[in-house]
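Counted from 1, the sequence shown has number 35 at position 36 by numbering that gives the first Met the number 0; the numbering is strictly sequential.
Every residue, glycine too, gets a C-beta built ideally from N, C-alpha and C.
The model shown is predicted, which means the values in this text are computed figures rather than measured ones.
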Amino acid sequence: MTRSTENQIDLAATVMSLAAEATDLEAHVNELRQKLVDLNERMRAISNALYQLPPVQQP
Numbered sequence: 000m001t002r003s004t005e006n007q008i009d010l011a012a013t014v015m016s017l018a019a020e021a022t023d024l025e026a027h028v029n030e031l032r033q034k035l036v037d038l039n040e041r042m043r044a045i046s047n048a049l050y051q052l053p054p055v056q057q058p
């Protein structure tokens with residue numbers, strides 16, 4: 000095997016590895032985005048519940 004062929008194989012392996020890592024990272028980003036959406040909904044629900052509480056009487 001020539002050095003050029005070895006370099007091409009190494010390059011192809013590197014590209015495949017980076018593509019796999021990019022796919023994993025993209026999935027993780029999508030998961031984090033969904034968690035942010037869920038958190039925002041929870042915060043909104045809590046905020047609405049707090050606004051519906053009766054006012055506190057000051058002594």
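DSSP places leucine 52 outside both helix and strand once states are collapsed to three, so it counts as coil. DSSP places glutamine 57 outside both helix and strand once states are collapsed to three, so it counts as coil.
When DSSP states are grouped into helix, strand and coil, threonine 13 belongs to the helix group.
Assignment of threonine 22 by DSSP, reduced to helix, strand and coil, places it in the helix class.
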